[in-house]
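Visitor: The structure that follows is given in the form of structure tokens.
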Amino acid sequence: MAKDLRKFCEENGYLSRKKKEVDKDTDKMDPIVYTTKQMAQMLCMSEQSVRNMIKENHIPTIPGTKNVLVRKETFDNFINQY
């Protein structure tokens with residue numbers, strides 16, 4: 006993760022104190038969408054922190070879906086901003 010993104014997350018209170026291990030099963034396929042759990046694992050933060058970032062419109066989601074989903078391209082663009 007880029008230092009600027011980590012700084013942004015720290016300044017806005019998105020980072021949890023515990024770092025979670027990345028789930029090894031996540032790397033089996035190249036997804037076109039991510040769940041909040043997958044994004045949390047990639048960003049080393051809690052799912053609640055990811056949901057807060059989505060709620061505050063930092064990460065746009067796919068509208069009209071039952072679960073909170075974010076397109077891979079959208080998430081990659083968000084990461085590359087920092």
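With our numbering applied, the sequence shown corresponds to residues 6 to 87, in that order. Glycine included, C-beta positions come from ideal geometry on N, C-alpha and C.
1. Could you check the C-alpha separation between residue 37 and residue 18 for me, to the nearest Å?
2. Report the residue ranges of all alpha helix (DSSP H) runs contained in full by the region 30-59; include only those spanning at least 4 residues, in chain order.
3. Compute the beta-carbon to beta-carbon distance between residue 64 and residue 75, rounded to the nearest angstrom, for a pair I have assumed lies under 8 Å.
4. Alpha carbon to alpha carbon, how far is residue 73 from residue 67? Give it in angstroms, no decimals.
Guide: Short version:
1. Taking the first residue of the sequence shown as 1, we reach residue 37 at position 32. Taking the first residue of the sequence shown as 1, we reach residue 18 at position 13. The alpha-carbon atoms of residue 37 and residue 18 are separated by roughly 28 Å.
2. 41-48
3. Here residue 64 refers to the residue found at position 59 of the sequence shown. Here residue 75 refers to the residue found at position 70 of the sequence shown. Right, their Cβ atoms sit about 6 Å apart.
4. In the sequence shown, counting from the first residue as 1, residue 67 sits at position 62. In the sequence shown, counting from the first residue as 1, residue 73 sits at position 68. One C-alpha to the other measures close to 7 Å.
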